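Numbering (my numbering), first residue to last: 1336 to 1529. Shown next, in structure tokens, is the structure this report addresses.
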């Protein structure tokens, strides 16, 4: 595909006001050639020689992983430049592409877990004591209230929660696997170790 062909192929994606320099056009052409090569190997009739097909696909897998890292680095760099170019609070429209939206990904928050746990335990202890008589329920009831409060505060009761720490539970005589209700297997992947 010649550079002019790439520009023509992009007319549906990139509007005329968006100018691509020669390097960008060549990079897109190279990417197009890589995709074409991948299709040939995937669709090629190497079924008669499975070891050769396996080797070819493994080589492509390694190349694709390298390309993906490079493209991801490039994409991250472009994104960081765009963040500096888009005025805060604005969502400018790029003709032929759409609206640029700058959003922050999830923000990580850290807590003083020791202090928070102690504060939660103190609150729960206050809640279980009968305020009129001062009577304290049996230890088992208090422990259940504390455990439930911690589970609620950490999200351990949510159906999607799967963060039980097996070693910590085992230290208390519990085997987490005995309480398993569902197991969702991850997809099979292939990694070429070099």
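For glycine and all other residues, C-beta sits at the position ideal for the given N, C-alpha and C. Since the structure is predicted, the reported quantities are computational estimates derived from the model, not experimental observations.
Subject >> Bridge-paired residues (DSSP) for residue 1428 >> reply: Answer is 1434, bridged to residue 1428.
Original post:
Does DSSP classify residue 1406 as helix, strand or coil?
Top reply: Correct three-state label for residue 1406: helix.
**OP:** Along the alpha helix (DSSP H) that carries residue 1461, what are the first and last residues, could you check?
**Re:** For residue 1461, the enclosing alpha helix (DSSP H) covers residues 1448-1463.
Subject >> As assigned by DSSP and simplified to three states, the class of residue 1385 >> reply: If DSSP states are grouped into helix, strand and coil, residue 1385 belongs with the helices.
**OP:** Figure out for me which residue from 1391, 1370 and 1421 has the closest Cα to the Cα of residue 1437.
**Re:** Closest option to residue 1437, Cα to Cα, is 1421.
Original post:
Going along the chain, which unbroken runs of the alpha helix (DSSP H) with 4 or more residues stay wholly within the stretch 1453-1527?
Top reply: When DSSP assignments are scanned along the stretch 1453-1527, the uninterrupted stretches of alpha helix (DSSP H) that are 4 or more residues long and fall wholly within it turn out to be 1474-1489 and 1501-1506.
Subject >> Straight-line gap, residue 1384 to residue 1374 (C-alpha atoms, nearest Å) >> reply: Roughly 18 angstroms between the two C-alpha positions.
Original post:
For the candidate residues 1402, 1377 and 1462, whose alpha-carbon lies nearest to that of residue 1363?
Top reply: Scanning 1402, 1377 and 1462 for the CA closest to the CA of residue 1363 turns up 1402.
Original post:
Are three or more beta carbon pairs between the stretch 1519-1527 and the stretch 1388-1401 nearer than 8 angstroms?
Top reply: Between the stretch 1519-1527 and the stretch 1388-1401, the count of C-beta pairs closer than 8 angstroms reaches three or more; the two stretches touch.
Subject >> For residue 1412, three-class secondary structure by DSSP >> reply: Of the three classes helix, strand and coil, the one that applies to residue 1412 here is helix, per DSSP.
Subject >> Rounded separation between residue 1371 and residue 1392 - CA only >> reply: Each residue's Cα considered, the two are about 14 angstroms apart.
Original post:
Is it a yes or a no for the stretch 1453-1463 touching the stretch 1483-1503, going by three-plus beta-carbon pairs under 8 angstroms?
Top reply: Segments in contact, yes.
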